[in-house]
Amino acid sequence: MSQLYRAAASEGLIQHPLDSMTLIFQKSSGITHVVADLVPAILTVMGADALTAEDITGRLSDSYDLEDSGDAADIVLARLVELSSLGLVEQV
Amino acid sequence: MHQLYLTVGPTRFRLASTWRQPLDQLAALYKDYPTSQDGYADFTVRLEPEKPWRRYIRPSVHISGDFWLPDAAPLPLDQSLLAAEMGMNLQMALGWRRHLLLHASSVEKDGKALLMTGLSGSGKSTLSAMLAEKGWRFMGDEFALLNPDTGMVHSFPRLISLKNEAIAAMRAIVPENRFGPLMKGTPKGDIRHVMPPLDAVNKMKDVAKPALLLFPRFGHDPALRDMGKSEIFVRLTQASTNYVALGETGFRALTRFVDTVPTKAMDYQSGDQAEELIDSLWSKLP
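Chains E and B, in that order, give the protein sequences. The letter at position 28 of the first sequence is residue 63 when you use the working numbering, and the numbering goes up by one with no holes. The letter at position 221 of the second sequence is residue 249 when you use the working numbering, and the numbering goes up by one with no holes.
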């Protein structure tokens, strides 16, 4: 069975888009993360749900104009692993 | 223990020293600043011998106070003025929480502030000192204090610390009676302090709206460059001594600053070139 992920509660994060990057201030740790394009979108489509990388890729395809790339789910999974190490998503 | 109370901008310091010399030098250079009579201070800086016998034998000054760094090397007594200034910087850098501290110089004109930040040697201190002699109000050459509630910049006009070549450059435009002693061979090279213009001291409670941020770089052909907001934000977090300590308050103050204050990287090879570039930018501000 694929790993499920859940985003940190949105009220605990402050997202602030700058230019090509977005700042995410994490209230629990006081850490400011500087993240690239895909990450804010991943957190947005995850909402409060527990989802697999494939679920998230599906939601991204519905909401955003993803390039037709067969490895989109792998890219999403790689981001989820990174976000999980930062405490911005948790493995459920 | 001798002591002296000094008020600089919003901060009240108590300076205590085993020797009279540094306090006499400070009292002369800060003669126009208000002193506190009620014994209250935000921070205490202590200048004491490293060991009891070092009060008399090759006297060396150890900096301590409310906040200190355990590995700070002591300085010889003839550099005790530098020790006092470093001690005050240290208290602000490590202990101040009322404003977001940016390691930047600032000057004001028409209620608007120009901030300059960058690495040591970028010329931010010298540029602010030079502009202060040319119609701008000097607000500080070390820390700009950003009010997290209002977004305004508060003045912190300590003595201007000139290093190496900047000493001769400023000697050409500032009268001798505003200079402190020349300290040769300090850990930062030759250092000489200058009293800010009297106007800067009299108006040190006046705040200013941040209107322009520059990242100056000395020694390159004159040029102005745009910078991405992400780069500006990250460099300002590096330039702030208390961004992390202020938590969400610091984040909100800094993002507001980056969103609203026009910013440029500025290369220059002389004070005249820098002044020309600054004037060209300033004249186009809304």
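We put the CB at the ideal spot given by N, CA and C, even for glycine.
query, result
"In chain order, what residues of the same chain lie with their CB nearer than 7 Å to the CB of residue 250(B), ignoring the 5 residues before and after it?", "295, 296, 297, 301 and 305"
"Tell me, please, whether the CB atom of residue 291(B) is closer than 8 Å to any CB atom in chain E?", "no"
"In this structure, does DSSP put residue 113(E) in helix, strand or coil?", "helix"
"Reducing DSSP to helix, strand and coil, say where residue 272(B) ends up.", "helix"
"Please return the same chain residues whose Cβ sits closer than 8 Å to the Cβ of residue 55(E), not counting the five positions on each side in sequence.", "71 and 72"
"If you measure from the beta carbon of residue 106(E) to each beta carbon in chain B, is any gap under 8 Å?", "no"
"For the stretch 87-99 of chain E, enumerate the residues whose C-beta is nearer than 7 Å to any C-beta of chain B, in chain order.", "none"
"Looking at the secondary structure, which residues open and close the alpha helix (DSSP H) in which residue 155(B) lies?", "152-160"
"Could you tell me the alpha carbon to alpha carbon distance between residue 162(B) and residue 223(B), rounded to whole angstroms?", "15 Å"
"Can you check which of these residues, 105(B), 186(B) and 242(B), is closest to residue 227(B) by C-alpha distance?", "186(B)"
"Does the beta-carbon distance from residue 77(E) to residue 41(E) come in below 8 Å?", "no"
"Sorted by chain position, which residues of the same chain lie with C-beta nearer than 8 Å to residue 280(B)'s C-beta, five sequence neighbours on each side aside?", "176"
"Determine, for residue 257(B), whether the minimum Cβ-Cβ distance to residues of chain E falls below 8 Å.", "yes"
"Looking at residue 101(E) and the ligand HEM, is the gap between the Cβ and the nearest heavy atom below 7 Å?", "The ligand HEM is absent from the structure shown, which contains no ligands of any kind."
"Would you check if there are 3 or more beta carbon pairs closer than 8 Å linking the stretch 42-51 of chain E to the stretch 111-126 of chain E?", "yes"
"Helix, strand or coil: how does DSSP classify residue 66(B) here?", "coil"
"Would you list, in sequence order, the uninterrupted beta strand (DSSP E) runs of no fewer than 3 residues that lie entirely inside the stretch 202-242 of chain B?", "207-214 and 217-222"
"At what residues does the beta strand (DSSP E) containing residue 73(B) begin and finish?", "71-77"
"Let's see if you can read the secondary structure: which residues bound the beta strand (DSSP E) around residue 289(B)?", "Premise fails: residue 289(B) is in no beta strand (DSSP E) and is neither H nor E."
"CB-CB under 7 Å to residue 60(B), same chain, minus the five flanking residues each way: which ones, in chain order?", "226 and 229"
"Starting from residue 49(E), trace the beta strand (DSSP E) both ways and give me its first and last residue.", "48-52"
"What separation, rounded to the nearest whole angstrom, lies between the Cα atoms of residue 81(E) and residue 91(E)?", "7 Å"
"For residue 164(B) versus residue 137(B), is the C-beta distance shorter than 8 Å?", "yes"
"Please confirm whether residue 58(E) has its beta-carbon closer than 8 Å to some beta-carbon of chain B.", "yes"
"If we cut at 8 Å on Cβ distances, does residue 65(E) have a partner in chain B?", "yes"
"Using CA coordinates, which residue listed in 113(B), 102(B), 218(B) and 101(B) is at the minimum distance from residue 58(B)?", "113(B)"
"Contact criterion: CB-CB distance below 8 Å. Does residue 69(E) meet it with respect to chain B?", "yes"
"When the Cα atoms are used, what is the spatial distance from residue 73(B) to residue 48(E)?", "39 Å"
"Take the Cβ of residue 270(B) as the centre, count every other Cβ of all protein chains shown within 10 Å, and call the residue buried at 16 or more, exposed below.", "buried"
"Which residues share a DSSP beta bridge with residue 146(B)?", "Its beta-bridge partners do not exist; DSSP assigns none."
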